[in-house]
Amino acid sequence: MADIPQLRTVNVTRYITPLREGGSLPAIAEADDNFNYVLKFKGAGHGTKALIAELIGGEVARALGLPVPELVYASLDEAFGRTEPDEEIQDLLQASQGLNLALHYLSGAINFDPVVTTVDAKMASQIVWLDAFITNVDRTFRNTNMLIWHKELWLIDHGASLYFHHAFDDPEGHAIVPFTLIKDHVLLPQASLLAEVDIEYKALLTEAKIRAIVALIPDDWLHWEGMEKTPDAIREVYSQFLLTRLNNSDIFVNQAQNARKALI
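Take the sequence shown: its position 176, counted from the start at 1, is 176 in full-length UniProt numbering, and no numbers get skipped.
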């Protein structure tokens with residue numbers, strides 16, 4: 001079915017260069033389909049949880065019709081990186097054998113600058129709604145995590161979303177709290193149509209769609225130290241978190257609206 005999300009799997013063939021502005025040392029790499037990707041490593045700081053947040057955040061954005069580069073599973077062979085001269089990068093590559101996550105590299109894209117580019121109220125509201133829903137702390141003036149590519153706005157980097165999973169205690173409680181950090185969102189001043197977008201997006205994000213996105217998380221990413229839950233049980237926690245949050249969207253929408261009023 002066309003509405004069931006699927007990710008391709010590529011094999012990484014060449015490490016090109018690290019992107020050192022990212023705290024987790026993502027890299028530009030080439031794969032066996034001859035495309036370049038921004039590669040996110042499971043062996044980096046927050047491990048597979050950052051990949052899960054990237055996957056869920058990106059695919060929720062795509063389901064809502066927002067522009068996100070293609071996400072793929074990226075396989076690293078055990079021999080990959082042995083000849084890498086940088087010891088830190090070699091350690092990262094060795095710790096990331098197996099399945100990682102990558103985004104299609106938008107060659108020639110430039111960072112979004114809110115001073116240069118104005119985003120219309122509808123799209124600003126859509127992006128603010130998305131980030132409040134997935135609790136994305138990382139779309140601020142300091143770090144917009146948006147690119148301009150072929151004169152269009154693209155969303156990247158959702159790895160700092162879903163921060164409840166770093167503790168994984170009381171996910172139901174976390175799902176119904178306001179997202180106070182929305183006050184720092186770079187597009188909040190333009191987001192005047194949040195109530196309208198809330199109605200549209202709640203209709204688009206069905207339970208089946210949310211569960212299909214969560215089902216994309218590989219078992220390999222769900223074996224956490226100190227966690228006794230099975231991969232299926234962990235996926236169910238993510239699904240319930242997102243469904244509960246969606247059913248209580250008025251909480252984070254009202255928070256965003258109040259934060260916007262305080263700004264303007």
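Each residue gets a CB set at the ideal place from its N, CA and C atoms; glycine is no exception.
As the structure is a computational prediction, the values presented were derived from the model and not from experiment.
For residue i, which of helix, strand or coil comes out of DSSP?
i: Ala50; result: helix
i: His165; result: helix
i: Glu196; result: helix
i: Ile110; result: strand
i: Met123; result: helix
i: Arg139; result: coil
i: Arg8; result: coil
i: Ser96; result: coil
How long is the line joining the alpha carbons of residue i and residue j, rounded to whole angstroms?
i: Leu19; j: Leu204; result: 34 angstroms
i: Glu59; j: Asp113; result: 24 angstroms
i: Met123; j: Ala191; result: 8 angstroms
i: Pro5; j: Thr118; result: 31 angstroms
i: Lys209; j: Pro85; result: 44 angstroms
i: Trp224; j: Lys261; result: 41 angstroms
i: Leu103; j: Gly159; result: 12 angstroms
Nearest by alpha-carbon distance to residue i: which of the options is it?
i: Ile52; options: Ala215, Lys151, Gln257 and Lys229; result: Ala215
i: Ile176; options: Gly47, Ile4, Ala31 and Asp250; result: Asp250
i: Trp129; options: Leu194, Pro26 and Ile234; result: Leu194
i: Asn34; options: Thr180, Phe241, Val12 and Ala50; result: Val12
i: Pro218; options: Leu263, Asn111 and Thr48; result: Thr48
i: Asp131; options: Gln255, Leu103 and Leu263; result: Gln255
Spatial neighbours of residue i within its chain, please: CB distance less than 7 angstroms, with the 5 preceding and 5 following residues excluded, ordered by chain position.
i: Ser96; result: Phe41, Lys42, Gly43 and Leu76
i: Leu106; result: Pro69, Leu147, Trp149 and Trp154
Sorted by chain position, which residues of the same chain lie with C-beta nearer than 6 angstroms to residue i's C-beta, five sequence neighbours on each side aside?
i: Ile127; result: Leu187
i: Tyr73; result: Leu7, Thr9 and Leu99
i: Met1; result: Here Met1 scores only 39 on pLDDT, less than 50, and its place in the model should not be relied on; the value that follows carries that caveat. Nothing listed; no residue qualifies.
Count the CB pairs spanning the region 136-152 and the region 184-201 that are closer than 8 angstroms, and state whether there are at least three. Contact annotation: the region 136-152 touches the region 184-201, with at least three C-beta pairs closer than 8 angstroms.
Cβ contact check for the region 194-203 and the region 145-164: 3 or more pairs under 8 angstroms: Segments in contact, no.
Give a yes or no on contact between the region 209-228 and the region 59-72, applying the rule of three or more CB pairs nearer than 8 angstroms. With a cut-off of 8 angstroms, the region 59-72 and the region 209-228 count as touching, because enough Cβ pairs lie within range.
So, does the region 157-164 touch the region 128-137, judging by three or more C-beta pairs under 8 angstroms? Flag = yes, the region 157-164 and the region 128-137 touch.
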